[in-house]
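Take a look at the structure below.
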Amino acid sequence: MKYLYQAGIIFLFTFLGEALATFIPFPIPAAIWGLLLLFLALCVKLVRVEQIKECSGFLAALLPVLFVAPTVNLMEQAKALLGSLPAVIAILLISTFLTFLVSGRVTQGMRSKGKEEQENA
Amino acid sequence: MLDSLSSSSFFAIALTLLIWRIANALQRKTRSVLLHPILVSVAAIIGILLVSGIPNSAYQQGMKPFSWLMTPATVCLAVPLYEQVKVLKKNLPAILLGVLCGTLTSLLCVGGLCLLFQLDQTMTVSLLPKSVTTAIGAPVSEALGGMSAVTVAVIIATGILCNVFGHAACRLFRIQDPIAQGTAIGTASHVIGTTKANELGPVQGAVSSLSLVAAGVLTAFLIPMMYKIFS
Chain A
1 MKYLYQAGII FLFTFLGEAL ATFIPFPIPA AIWGLLLLFL ALCVKLVRVE
51 QIKECSGFLA ALLPVLFVAP TVNLMEQAKA LLGSLPAVIA ILLISTFLTF
101 LVSGRVTQGM RSKGKEEQEN A
Chain B
1 MLDSLSSSSF FAIALTLLIW RIANALQRKT RSVLLHPILV SVAAIIGILL
51 VSGIPNSAYQ QGMKPFSWLM TPATVCLAVP LYEQVKVLKK NLPAILLGVL
101 CGTLTSLLCV GGLCLLFQLD QTMTVSLLPK SVTTAIGAPV SEALGGMSAV
151 TVAVIIATGI LCNVFGHAAC RLFRIQDPIA QGTAIGTASH VIGTTKANEL
201 GPVQGAVSSL SLVAAGVLTA FLIPMMYKIF S
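Right, here's the structure in full:
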């Protein structure tokens with residue numbers, strides 16, 4: 001019973017996310033609206049973590065498995081890319097790791113700067 | 001009769017879950033980066049489909065009821081986010097600045113390289129949203145005349161790339177701070193990367209969730225703006 005109740009709460013917020021995504025004409029998907037709404041509900045204590053803990057843990061653990069089928073599907077889409085495949089792969093590798101490097105190092109730099117200021121104060 | 005059996009959801013889901021289990025056991029035993037559970041599962045399933053002659057479309061059809069869990073599973077990322085809310089609040093400026101710089105880097109880098117490789121505008125628009133979650137990237141690309149199938153393909157490839165090499169990249173780029181690791185993974189590789197960040201630690205996971213949301217929203221604003229300026 002407990003898990004059904006938990007699933008009910010999670011599906012309710014998923015639905016509210018879908019409703020917002022339908023009415024707000026901007027490409028933010030239901031999943032992101034739902035995430036934000038559930039986060040807000042947790043912050044204002046409308047929902048407590050214990051009320052969704054086990055079920056949300058189960059769904060979160062499922063997340064990587066959910067990407068197996070779309071990745072299998074890549075083999076079909078790879079054909080559409082064939083002509084420009086080398087360029088696409090180069091762009092993918094360079095831009096992904098550059099983005100990784102810049103965002104990580106900027107945050108790390110800000111953090112160590114903050115620490116220094118605290119220590120000096 | 002065999003046709004209807006091969007597109008059975010129970011067949012597709014059982015196959016995926018059992019192979020996932022074997023792939024995970026293999027990962028635990030070998031601890032090899034390349035024997036990543038998603039890569040191993042995908043290779044095994046492609047092999048089984050080819051050998052058995054079951055078309056990919058039947059497998060995809062069978063997986064539909066399972067894929068339906070994608071939206072509620074993403075919504076559940078709110079829980080680790082909330083559990084780390086104090087750490088997030090304290091470091092909000094550092095995280096958001098990292099996301100902003102990373103997102104700008106991604107867009108300018110993809111745009112610049114597309115010019116360099118002389119890819120056409122349709123292709124460029126399809127590649128631009130490659131670092132954000134599929135559900136944001138695909139409609140953004142489509143709205144500007146991109147091919148959403150290509151967008152989905154590069155988004156998944158980007159995510160898998162960081163899921164497999166994210167930890168190694170942190171070491172290579174000397175990103176040791178857990179908050180910076182989360183920002184890098186979430187900004188560069190959305191939900192698929194975030195599942196890796198969750199494995200690295202609860203702080204990395206929560207920061208990665210926050211970063212993927214911020215990067216997604218930012219990208220949805222920036223791409224149409226860039227498009228207006230450059231065309």
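Chains as they are written, first to last, in the numbering used here: chain A, 1 to 121; chain B, 1 to 231.
Every residue gets a Cβ at the ideal spot worked out from N, C-alpha and C, and that includes glycine.
Treat the numbers as computed from the prediction; the structure is a model and nothing was measured.
Relative to M123/B, the option among L104/B, S131/B, C109/B, G145/B whose CA is nearest is G145/B.
Among the CB atoms of chain B, none fall inside 8 Å of the CB of F23/A.
Here A58/B is near S6/B, since their CB atoms are less than 8 Å apart.
Taking every protein chain shown into account, the CB of K90/B has fewer than 16 other CB atoms within 10 angstroms, so this residue is exposed.
Among the residues facing chain B, G34/A is included, as its CB has a counterpart in that chain under 8 Å away. The straight-line gap separating the alpha-carbon atoms of T133/B and T71/B is approximately 12 Å. Leaving aside the five residues that flank A12/B on each side, the residues in its chain whose CB is nearer than 6 Å to its CB run, in chain order, Y59, G62, M63.
If one requires a minimum length of 4 residues, the alpha helix (DSSP H) runs lying completely within the segment 80 to 135 of chain B are 85 to 90, 92 to 116, 121 to 127, in chain order. Residues of chain A with a Cβ closer than 7 Å to the Cβ of A206/B do not exist, since the nearest Cβ in that chain sits about 11 Å away. Of the residues assessed, V110/B falls on the buried side of the cut-off, its CB having 16 or more other CB atoms within 10 angstroms.
In chain order, I175, D177, A180 make up the part of chain B whose C-beta sits under 7 Å from the C-beta of Q108/A. Within the segment 65 to 78 of chain A, the residues whose Cβ lies closer than 8 Å to any Cβ of chain B are, in chain order, V65, L66, F67, V68, A69, P70, T71, V72, N73, L74, M75, E76, Q77, A78. Of the other Cβ atoms in all chains shown, fewer than 16 fall within 10 Å of the Cβ of G112/B; this residue is therefore exposed. Membership of H36/B in any alpha helix (DSSP H) is not indicated, and neither H nor E is assigned to it by DSSP. Note on geometry: alpha-carbon atoms of V47/A and L40/A lie some 9 Å from one another.
Closer than 8 Å to the CB of L4/A there is not a single CB belonging to chain B.
If you check the CB distance, T71/A and A188/B do not come in under 8 Å. For P29/A and K113/A, the gap between their C-alpha atoms comes out near 36 Å.
Taking the Cα positions, V207/B is about 34 Å away from L116/B. Residue-level contact check: S32/B does not touch chain A, since none of the beta carbons of chain A fall below 8 Å from its beta carbon. For T122/B, the closest Cβ of chain A is not nearer than 8 Å. Cα atoms of M1/A and K45/A: separation of roughly 22 Å, rounded to the nearest angstrom. Contact between Q84/B and P224/B does not hold, since the beta-carbon distance rounds to 32 Å and is not under 8 Å. Annotated three-state conformation of I28/A is coil, per DSSP. Interface criterion met: the Cβ of G114/A is under 8 Å from a Cβ in chain B. Under the 8 Å criterion on CB atoms, V203/B is classed as non-interfacial with respect to chain A.
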